[in-house]
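In the numbering used here, the protein residues as written are 4 to 968. Glycine included, C-beta positions come from ideal geometry on N, C-alpha and C.
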RNA sequence: GGGCCGGUAGCUCAGGUGGUUAGAGCGUACGCCUGAUAAGCGUAAGGUCGGAGGUUCGAGUCCUCCUCGGCCCA
């Protein structure tokens, strides 16, 4: 065998500096720095100025702690939305924001105090708030850097903070709109209250612990009933909080519970739920017979009647302490309560609206209000009829002695004969204060509310603002009705969100606005000490807003009261409300502050624009109860419509087994770690690959899969970059002069384009990423690139086939880099700058304009399926090493399987074999080639004289190259 | 405990109005190539569609119950 010439240096191999290995964690920060230096966000705004707007309004995350996986997912989705809209040519700005007020921050600052042995109560409020402000600012700055690192493109230099003075002023102004239109009232509501700390507690400040309580059974004598036989019988209630009996105001029954009226062995008649009789007998010994050792009593002998709960409506009892007169002598009505069960107790529940949520709601619905007789320290009011304050009895209601079977309540009940049983042996879990570890009670305190079902009164308008709001809201519509109407005009992605928020709005109680806290926006109301009405004077309100605007929330203090009230009022006559606003009101007002203030020109709508200022709100599904709803109610109450046109919700990120992440389980995945180990583009690709509409998972295996997917995408770009090295626009050919394969590929990329556009419209990003990825894998790498490898490497540079291929590659490159840019933002930039080192950012580009092309798609579908069959047929020969690659195979296919008019040469090219011939046989045949192998292109062709010499095509190609050289 | 949502190959996902042997990509295994080379190509294996009942000639798709998980509320 003669020495063969090595033709390697005559083959046009891909040439690129673009590395196969990404090294994203090292590379990304540099790319980010370049964007910042070039002020890319501002340049994109400039480039899209005047275009159709797409306003995504950022829901403010809480400024507390590092970015976690939920933040990452949420912001990647937001970034994807803005970037795809921008790519489509719209002006889609992104102004990030933070929620800065509220309890968790207060806590952290208090915690720091405790470490320094400082007492919060000794620190002036202004100083305390200043520390809260500083604490929030610290986390805003931290999260801002972390989110930037994720590749999120936005106005990071000017985010919105709910603690900005302007924001605080806007929030107050929004509150005053509610006030001026009569949509505020002062009511009461049971809240968790710590008698030790003398303060209301939030749910998060409470922990549950197992304790042993006194359980008592108390008889309430029935004084009237539609069921006459019940009169004179005793309704029995069971409770573990004896201290609430002196404020009992009603009894609740379960409408679907069955009750028994029977005569006990002592002659008294009792009313009890059927299912709970046995337990009741065990506690009280009040069975129909004194002793029942055999347990074989038949109640029917002693039964005086069985009643369905509903039949008890209209029944009235009297309080065991009715002899005290006054409050205690009033009748105690039976009320229907859905919450009444037969899990424990007697099936009848005593109602003290002062001290229970169910109690409060049920009583309120029947016109019975709380009495406010337990004071902040947990003691009964001195003048309360029941209990003269003797030393012995004057103690906090949480005191064990107070509730003991020997305690004052049980004693008194016992004396009246109403106490059927009392024992200090009931184990259950009960809320305690996080800080003092002391027991907590429910206690009614005055709170400010926004009514859900009040029609703004037409006859007595308070202020000019009211007229405006009336006009915006439907005529005679309640806030709930306005909100429901607004929801029906909103697009939900996914659609099921509508149902979720809808049922919440439908069933929610009035909005409690007030919190007894320090770090927040004040409820800036002056209440007339005589009438209890809040002052509603637009001039005063204007002064208040202006003061907050200049001085922040600190401006609402006692010293300023007279100045704010002005000359028309005397501060002495008014109580300055010191509650602060629920932080949900803060965030519910961000649309006003961020979208309508003009402070962010990129968010400002044209003067003639009407309708919701935001195109989209995009948050986790927990925000159905949170921000989506608070924004809806705030906007409906002040503008009569939702602040958004569409709402997109995403699920939560679970660990690799689908379990919720928690620090204690040690299964958390930090986006900061993922960025450090894999890079931001990997976590972005992950977020955009999963089905965000549901809960989804992340874990090592999943990330490995995402990294693999990334590598394929990256290599696709690397190949294109290499194949397009030295590409010259002059190489291009008109589409109509291109080979069919090229035209087919152009149609395919056109289909991909349509799929991607549709995915963008539907915010269906996993479909977007999958379509892109599948196209790279199936249509490019395994099909087009593989087939055209020979053409790229070996055709002469001027060959129309090669020119066509490179032209299509160039089209593909420009399309794909744009499609990929919103997803892998860093890599797309790296790809783009590798090809155009002096060029501008890839993120300034617009959606690709594809050349129109036509191809016989049915024919190509047939050819590709035939190609699969050929591969299957070659496989056995490869297995037995008869041939090693397809290039050594000679294939005979049934002519019937080949689309009409397809040349054998075309099939050979397509199947990457030595030759393909058609025959009339029904079976496909594969055999090893008899042709020699070209030394340059390695194909086995008839015109190669011996192995290692050249085929005609390569000879010509070499000749032209040498001529040119 | 209540409301709402979900459970399709190892992983990520497709599977209008119920209709032939449940699909894709990745990963895996095996093989090829060594001129995209920590790359590329090919073939193959993998699922009792969370479980149990039911409706139907026929159910991943409809109904009921159970189970596991999630969000919100209590």
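Partner residues in the beta bridge of residue 100, as assigned by DSSP, are 163. Assignment of beta-bridge partners to residue 442 by DSSP yields 435. A Cβ-Cβ separation of about 4 angstroms places residue 94 in contact with residue 51 under the 8 angstroms criterion. For residue 774, the closest C-alpha among the options 691, 398 and 446 is that of 691. Ranked by Cα distance from residue 443, the options 607, 432 and 493 are led by 432.
In terms of CA proximity to residue 451, 585 leads the group 696, 585 and 895. Residue 941 carries a coil assignment under DSSP once its states are collapsed to helix, strand and coil.
Contact annotation: residue 233 and residue 349 have beta-carbon atoms that are not nearer than 8 angstroms.
C-alpha of residue 449 to C-alpha of residue 163: approximately 33 angstroms in a straight line. Contact between residue 455 and residue 481 is confirmed by a C-beta separation of about 7 angstroms, below the 8 angstroms threshold.
Per DSSP, reduced to three states, the secondary structure at residue 306 is strand. Annotation for residue 216: the continuous beta strand (DSSP E) segment containing it runs 209 to 227.
Under the rule that a run must span 4 or more residues, the alpha helix (DSSP H) segments found entirely inside the segment 21 to 93 read 27 to 40, 43 to 51 and 72 to 90. Counting other Cβ atoms within 10 Å of its Cβ, residue 155 reaches 16 or more and is therefore classed as buried.
If you look at residue 242, you'll find it in the beta strand (DSSP E) that goes 237 to 242. DSSP places residue 415 inside the alpha helix (DSSP H), whose first and last residues are 411 to 419. Nearest to residue 254 by alpha-carbon distance, out of 551, 321, 127 and 84, is 321. As far as DSSP is concerned, residue 713 takes part in no beta bridge. By alpha-carbon distance to residue 447, the top candidate from 412, 665, 198 and 598 is 198.
Contact between residue 807 and residue 741 holds, with the beta-carbon distance rounding to 4 angstroms and staying under 8 angstroms. Counted as a single uninterrupted DSSP element, the alpha helix (DSSP H) harbouring residue 678 occupies residues 674 to 680. Cβ-Cβ distances below 8 angstroms link residue 576 to 531, 532 and 533 in the same chain, with the five nearest sequence neighbours on each side left out; the list follows chain order. In terms of Cβ geometry, residue 104 and residue 166 form a close pair [threshold 8 angstroms]. Here the segment 848 to 855 makes no contact with the segment 710 to 725; the two share fewer than three CB pairs at distances below 8 angstroms.
Below 8 angstroms, enough C-beta pairs join the segment 169 to 183 and the segment 539 to 548 to call them touching: three or more. Annotation for residue 954: 937, 944, 946 and 947 place their beta carbon closer than 6 angstroms to its own, counting only its chain and skipping 5 residues before and after. Under the three-state reduction of DSSP, residue 922 is assigned to strand. As summarised for the segment 614 to 660, the continuous alpha helix (DSSP H) elements at least 4 residues long and confined to that stretch are 630 to 642, given in chain order.
Under the Cβ criterion (8 angstroms, minimum of three pairs), the segment 667 to 682 does not count as touching the segment 622 to 632.
In the displayed model, residue 758 falls within a helix according to three-state DSSP. Exposure of residue 369 is indicated by the presence of fewer than 16 other C-beta atoms within 10 angstroms of its C-beta. Straight across, the Cα-Cα distance linking residue 712 with residue 362 is about 57 angstroms.
Under the three-state reduction of DSSP output, residue 348 falls in the coil class, being neither helix nor strand.
Checking the DSSP bridge columns, you'll see residue 452 partnered with 188 and 515.
Here residue 663 is bridged, per DSSP, to 657.
Contact check for residue 844 against residue 150 fails: the beta carbons are separated by 8 angstroms or more.
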